[in-house]
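Have a look at the structure below before the remarks.
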Amino acid sequence: MSGEIFAVKIPVLGTLRIIMEYSIDFEIQKPSSIEAGNSATVSILPRTGTLYTTFFLDNSDLGTITSGIDLGQKKSIPLVAAAGADIHVFALPTANIQSSVTGPATISPRSANMDSIRVQDFQVRVQDNIGTSNQIQVKFPVTLYVAASGGVDLILTEYDLDPVLVPLTAKTLTETISIYKNYNTQLFLQVSDSSRSGYIKVYPQLTTTSGQTVQSSDISIYVDGKYTTKVRANSWSSDIYTDSGRHNIEARFSETISSSNSAITYKSSSQMQSFNVKAPPPTPTQTPQTTKSDLPCDPGTHEENGLCVPDNGGGCLIATATYGSELAPQVQMLREIRDNSLLQTQSGQSFMQGFNWFYYSFSPAVADYERQNPVFKEAVKLTITPLLASLSLLNYVDLDSEESVLGYGIGIILMNVGMYFVAPIVVVSKFFHSYHNLKIIPS
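The structure is reproduced here in structure tokens:
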């Protein structure tokens, strides 16, 4: 940063030109990040500068003098002898710093004069609502000034150099600061009996502590300390199986980063309720009609005509009999896919109506035989394991539209047709083809 300080015509001597260049560095001290709604200090610390003073007489370069000088320090430049004259100059540098900020924040003061090497502080306040911003940018345009005066001593007279203040504009100092916002949340849990005995519905209301609604599909429900399913906040869930009696129902919301701004975090919260789930009504006494009147059935099913059939048509009898309980993880997975995915769309509901008619036409008999024959039970478990593995893939996709249900549903069906029918046929076909191509070699 340089500028012409003096350009005067001295009688007898000629035209005297003095050019000064002032170089100085500034250190910016800033926080690594600022939380929304808070203030932080950004400091500018000037270092010792260097002043270069060059003297010209007419077109002759008389030389350059280098001097270390701080802001606000008045310094005398050493005398320069030229054509029988002594030239002396005084210089005093100062600076003016403007400030501005880009993003959801304010800064003060907006202008500051620096006439010493002391630190200049600026206060940056981030707004409480940061929107989609995750950083702010502070800018400090710096203008340097040099106040100069002096004189020329001739042999018989002295010539004064009038005081001047010359601005030297420097580059803009720029820094970026990360910002973030943490929301404390609160979770209110409502629990209600379902229309089906042994089932409940929950309504987890999730808000910030200031009352702002928080949308999330990641509310975990625990029954008596055991994870059961995930539900959506601020809406009633589908049926959740708990069995009848008193249970501790807990909703948990884990710390979550906003999908619209990675700088926004919603803190975790939870709430638990003790709820008495209604029991099924007593079954009227009926005259036994078969020899299997004492047939034991799993929870969620009852005996009809010597077979175990589902209460309210909602159980997965074969999987329950295979894995021993409706609370088995495999049975819970099937129930979650049915209640939280398929039954949420029209095409899924139509599929389940047809599937239930077909499935419950034979499943009670199969489940009954599994309980009587352990070997058959293990064979069924081996058979349905690939089917459950393929259905578990639906937990990793979004089934929130008619198209996604149809697309993924057809894909799963084709995958199972390949595993249970196409692959065995191909293996058997290749075996017989190899067998017929064998040739007996004569001895």
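In terms of my numbering, the sequence shown has 416 at position 406, counting the first letter as 1, and numbering is strictly consecutive.
No residue lacks a Cβ here, since even glycine has one placed at the ideal position from N, Cα and C.
Whole-angstrom distance between residue j and residue i, CA atom to CA atom
i	j	result
P309	P290	Legend: pLDDT at P309 = 49, less than 50; position of this residue unreliable, value from coordinates given subsequently. Computed Cα separation, rounded: 11 Å.
R262	L199	10 Å
Y213	I38	51 Å
Q340	Y237	13 Å
I423	T239	25 Å
G235	N258	8 Å
I107	S245	54 Å
D203	G364	27 Å
Y209	Q342	13 Å
I435	S444	14 Å
P151	E185	12 Å
Y459	K440	No statement about residue 459 is possible, as the shown extent of the chain runs from 11 to 453 and does not include it.
A190	V148	At residue 190 the sequence reads Tyr, which differs from the Ala that was named. In a straight line, the C-alpha of Y190 is about 16 Å away from that of V148.
Q359	I140	43 Å
S411	K387	37 Å
I79	D125	12 Å
N366	G419	16 Å
DSSP three-state assignment for residue i, whether helix, strand or coil
i	result
I422	helix
S42	coil
S357	helix
L171	strand
Q83	coil
Y370	coil
K440	helix
P384	helix
S411	coil
E37	strand
I29	strand
K19	strand
N48	coil
G417	helix
A95	strand
T7	Limits of the chain in this structure are 11 at one end and 453 at the other, which puts residue 7 out of reach.
Beta-carbon gap between residue i and residue j smaller than 8 Å
i	j	result
Q281	L197	yes
A17	L102	no
I67	S77	According to the sequence displayed, residue 67 carries Leu and not Ile. The answer is no: Cβ separation not under 8 Å.
G160	L171	yes
N426	S400	yes
L327	S373	yes
A112	S270	At residue 112 the sequence reads Thr, which differs from the Ala that was named. In this structure, S270 does not lie closer than 8 Å to T112 by Cβ.
K277	E265	yes
Q133	P114	no
T195	V224	yes
K288	S205	no
I97	S109	no
S226	A243	yes
S49	R135	yes
D249	D349	yes
Of the residues the options, the one placed nearest residue i, counting alpha carbons only
i	options	result
T395	A329, A375 and V407	A329
S254	A180, F285, S270 and T179	F285
N69	A95, V52, L23 and P114	L23
A122	F441, L154 and Q359	L154
S86	I165, F150, T63 and A433	T63
D71	N271, L401 and T25	T25
L81	R128, A46 and G73	R128
S414	F442, A389 and S357	S357
T219	N192, G208, K211 and S230	N192
V52	S230, S202, L183 and P384	L183
Q145	D138, Q133, P173 and S188	S188
L166	V176, S226 and A95	A95
D35	R57, T275, Q83 and L164	R57
Y232	P41, K211 and S126	K211
S279	D249, S230 and S272	S230
8 Å Cβ cutoff, residue i in contact with chain B
i	result
L352	Judged by its chain identifiers, the structure shown contains no chain B, having just a single protein chain.
Item to check | Unbroken stretches of the beta strand (DSSP E), 3 residues or longer, contained in the region 205-275 | outcome: Within the region 205-275, the runs of beta strand (DSSP E) at least 3 residues long that lie entirely inside it are, in chain order, 209-218, 229-233, 236-241 and 255-263.
Checklist entry - Residue ranges of each beta strand (DSSP E) run of no fewer than 3 residues wholly in the region 101-163, ordered along the chain? => result List check, beta strand (DSSP E) in window: 110-112, 115-118, 121-124, 130-136 and 145-163.
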